[in-house]
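Visitor: In my numbering, the protein residues as written are 1 to 176.
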Amino acid sequence: ATVSETVLVPPPPVHLPTPSPVYAIYMTSWVAGTPSFRENLVEFARTSEINSIMIDVKDSTGKVAFKTGDSYIEELGSEENRVPDMRAFIDRLHKNTIYVIARISVFQDPYMTARQPNIAIRRGDSSVWKDRKGISWVDPASKDMWDYIVRIAQASEAVGFDELNFDYVRFPSDGN
Numbered sequence: 001a002t003v004s005e006t007v008l009v010p011p012p013p014v015h016l017p018t019p020s021p022v023y024a025i026y027m028t029s030w031v032a033g034t035p036s037f038r039e040n041l042v043e044f045a046r047t048s049e050i051n052s053i054m055i056d057v058k059d060s061t062g063k064v065a066f067k068t069g070d071s072y073i074e075e076l077g078s079e080e081n082r083v084p085d086m087r088a089f090i091d092r093l094h095k096n097t098i099y100v101i102a103r104i105s106v107f108q109d110p111y112m113t114a115r116q117p118n119i120a121i122r123r124g125d126s127s128v129w130k131d132r133k134g135i136s137w138v139d140p141a142s143k144d145m146w147d148y149i150v151r152i153a154q155a156s157e158a159v160g161f162d163e164l165n166f167d168y169v170r171f172p173s174d175g176n
């Protein structure tokens with residue numbers, strides 16, 4: 001005899017319409033994942049004209065701030081579960097009519113360049129190039145990176161983010 005398991009899948013998130021105008025504040029993923037840090041910012045948004053919060057989903061470290069549920073992203077090891085309650089946190093923001101924006105740093109990504117140096121921007125001697133802050137970048141022509149970013153974007157939408165902000169969608173400009 002086999003026993004079947006019932007898997008409870010949460011309903012899809014309800015996305016808020018874009019406020020006009022957008023008055024936003026920014027939260028790093030570390031702040032968003034630390035209730036004692038984020039509470040003051042949430043209260044500030046609730047009691048002021050702030051109507052939106054932008055949260056890092058993938059920052060300049062290349063790490064993804066929550067468990068995406070995507071096996072490919074998980075296999076790459078880029079998830080760092082900084083916001084373990086991302087869905088619940090977004091739902092709470094939505095209940096307070098706060099529009100939530102995901103910030104995704106696209107080609108500024110030292111994690112991926114270390115894991116897959118073949119897609120990194122390189123120097124003439126074939127070593128990985130770094131900007132003046134010591135951060136390495138993925139070559140914007142890398143179709144593998146495009147696909148990876150789309151997966152992060154899809155996971156971000158599925159967890160409840162209302163808008164996706166793609167940052168560093170360019171070649172680097174700072175450095176030798």
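Here a beta-carbon is modelled for each residue, glycine too, at the ideal position from N, C-alpha and C. A quick note: this is a predicted structure, and the numbers were derived from the prediction, not measured.
1. What number of angstroms, rounded off, separates the C-alpha of ARG151 from the C-alpha of PHE89?
2. Looking at the unbroken beta strand (DSSP E) that takes in TYR99, where does it start and where does it end?
3. Let's test the definition: count the other Cβ atoms within 10 Å of the Cβ of GLU75 and tell me whether it reaches 16, buried, or not, exposed.
4. PRO84: buried (16+ other C-beta within 10 angstroms of its C-beta) or exposed?
5. If we count the other Cβ atoms within 10 Å of its Cβ and call it buried at 16 or more, is LYS95 buried or exposed?
6. How is ASP162 classed by DSSP in three states: helix, strand or coil?
7. Please name the residue, chosen from PHE166, TRP30 and SER60, that lies closest to PRO110 on a Cα-to-Cα basis.
8. Would DSSP call LYS63 helix, strand or coil?
Guide: Taking the geometry as given:
1. 21 Å
2. 99-105
3. exposed
4. exposed
5. exposed
6. coil
7. SER60
8. coil
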